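Below is one structure; the comments refer to it alone.
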């Protein structure tokens, strides 16, 4: 790939990958169409054709960062440490591995306009990423349970911060803002994930109506879900404001182990206008200069166990 050679000839670091440093004149129009599809069309797109076996891990990282920069040039920090790349894999930890391989219900990532997932390898069985339209969920609720729309739109949903100060904050799950419907929630932050992520003592639990509304979103999303085919080397782009996603349970073998790399992208020109309750979390992801950036191009390990993985999705 000529863009990779040009980038390396300039002696740049991986965090300097951008449209300007990774020129793709023959692909830029197609990637513009991908961007339009994500932000103004169906809400997701797949770029297919990369062969991970043809690159070193360093070069492969540059390539998928370069391609993704045409959809969103800003990349967000995904944890307290400032991790820019999160690896969606099992941890080789018998006590917690079920957490990272079990079926996950529908949700969105915390706050990003575009979720990018690079498929480095696939599980032996299962592990597909499944998506559903927030608008479709909303329309069915409006037709069958409009009372639950009021519950989802109320500003009293308690989100656990798991050790940060304050212990929790409240906001709606559903917004209608500048003509856009937005559903934004991580189920783990609302109910915990026993026994791995116990909800912080002393903060409010969900009301019966909230629990019913949360389950209704999942049930309707399951009814209308779409499961795109997954292949090694895929770059998947999901509009995190308009598309819900979940993960099927999976099983690895010694020769086939699921490994995705997650990037949070922001396209300043195409990004939907943010409701006020989402802006603080957004700023922590994309505008926080106090945390250094950390680029783990391979999963960091200690004593054979992976130290940091993406814990709430995919």
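In full-length UniProt numbering, the protein residues as written are 1 to 314. Even for Gly, the Cβ is constructed at its ideal location relative to N, Cα and C. Keep in mind the model is a prediction, meaning the values are calculated, not measured.
Selected residue, minimal CA-CA separation from residue i, among the options
i, options, result
"residue 135", "3, 183 and 276", "183"
"residue 82", "301, 289 and 118", "289"
"residue 219", "7, 141 and 27", "141"
"residue 232", "22, 60 and 30", "60"
"residue 79", "163, 226 and 209", "163"
"residue 130", "111, 228 and 52", "228"
"residue 132", "217, 198 and 102", "217"
"residue 252", "194, 270, 122 and 155", "122"
"residue 30", "11, 21, 41 and 47", "47"
"residue 101", "271, 248 and 40", "248"
"residue 315", "137, 149, 254 and 230", "Any property of residue 315 remains undetermined from this structure, which presents the chain solely from 1 to 314."
"residue 275", "241, 41 and 28", "241"
"residue 149", "106, 90, 211 and 84", "211"
Spatial neighbours of residue i in its chain, beta-carbon cut-off 7 Å, leaving aside the 5 residues before and after
i, result
"residue 298", "57"
"residue 4", "59, 62 and 63"
Within 8 Å, strictly: CB atoms of residue i and residue j
i, j, result
"residue 315", "residue 76", "Because the chain in this structure spans residues 1 to 314, residue 315 falls outside the shown range and cannot be described."
"residue 71", "residue 17", "no"
"residue 88", "residue 236", "no"
"residue 120", "residue 260", "yes"
"residue 108", "residue 160", "no"
"residue 273", "residue 178", "yes"
"residue 250", "residue 127", "yes"
"residue 147", "residue 256", "no"
"residue 181", "residue 153", "no"
"residue 63", "residue 282", "no"
"residue 114", "residue 15", "no"
"residue 68", "residue 19", "no"
Coarse secondary structure for residue i, derived from DSSP in three states
i, result
"residue 218", "helix"
"residue 314", "In this prediction, residue 314 has a pLDDT of 38, which is less than 50 and means its spatial position is unreliable; what the coordinates show is noted afterwards. It is coil, neither helix nor strand."
"residue 32", "helix"
"residue 4", "helix"
"residue 295", "coil"
"residue 204", "coil"
"residue 15", "helix"
"residue 184", "coil"
"residue 242", "coil"
"residue 228", "coil"
"residue 319", "In this structure the chain extends from 1 to 314, so residue 319 is not present and cannot be described."
"residue 172", "coil"
"residue 248", "coil"
"residue 37", "helix"
Sequence-distant residues of its chain with Cβ nearer than 6 Å to residue i (five each side left out)
i, result
"residue 45", "34, 37, 38 and 237"
"residue 277", "171"
"residue 312", "For residue 312, the pLDDT reaches just 47, beneath the cut-off of 50, and the residue's location in the model is therefore unreliable, although a value from the coordinates is still provided. Answer for residue 312: 186 and 188, listed in chain order."
Cutoff 8 Å; reference residue i; Cβ partners in own chain excluding five residues on either side
i, result
"residue 203", "158, 160, 167 and 168"
"residue 155", "170, 171, 172 and 277"
8 Å Cβ cutoff, residue i in contact with chain C
i, result
"residue 5", "In summary, chain C is missing from the structure at hand, where a single protein chain is found."
*Start-end ranges of the alpha helix (DSSP H) lying completely within the region 44 to 125, minimum 4 residues*: 57 to 68 and 97 to 101
*Counting only runs of 4+ residues fully inside the region 258 to 302, write out the alpha helix (DSSP H) ranges in chain order.*
276 to 286
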